[in-house]
């Protein structure tokens with residue numbers, strides 16, 4: 418029987434691409450894969466995250482959980498950019514994208 422074998426990527430809407438790139442690339446340390454202007458793909462370990470320029474009022478993603486190799490370093494880097502870590506491991510990025518940092 419055919420079955421799903423993994424997640425190819427997660428695509429999320431952002432209203433300001435440059436702000437979102439800053440958060441994910443410079444704040445969280447993801448790696449750029451492809452830039453198509455209104456669609457931007459990044460590598461997070463073996464996973465891919467895509468940013469799509471636009472707004473979807475019906476978006477239902479609760480949060481994005483990312484495994485990190487150095488929680489302290491990443492949280493300090495994010496805080497130096499004005500982002501606040503709360504509940505011990507959560508941070509809200511651009512457009513209220515809730516990200517959980519799991520070490």
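Residue numbers (our numbering): 418 to 520.
All C-beta atoms in this analysis are idealised placements derived from N, C-alpha and C, irrespective of residue type, glycine included.
Between residue 441 and residue 450, the C-beta spacing is not below 7 Å. In terms of CA proximity to residue 478, 431 leads the group 431, 436, 504 and 418.
Close CB contacts of residue 498 within its chain, under the 7 Å cut and outside five residues either way in sequence, are with 444 (chain order).
Residue 434 and residue 428 have their alpha carbons spaced roughly 13 Å apart.
Within the same chain, and ignoring the five residues on either side of residue 502 in sequence, the residues whose Cβ sits closer than 6 Å to its Cβ are 492 and 508.
Contact annotation: residue 468 and residue 453 have beta-carbon atoms that are not nearer than 7 Å. For residue 498, the secondary structure class from DSSP, reduced to helix, strand or coil, is coil. Straight across, the Cα-Cα distance linking residue 460 with residue 418 is about 30 Å.
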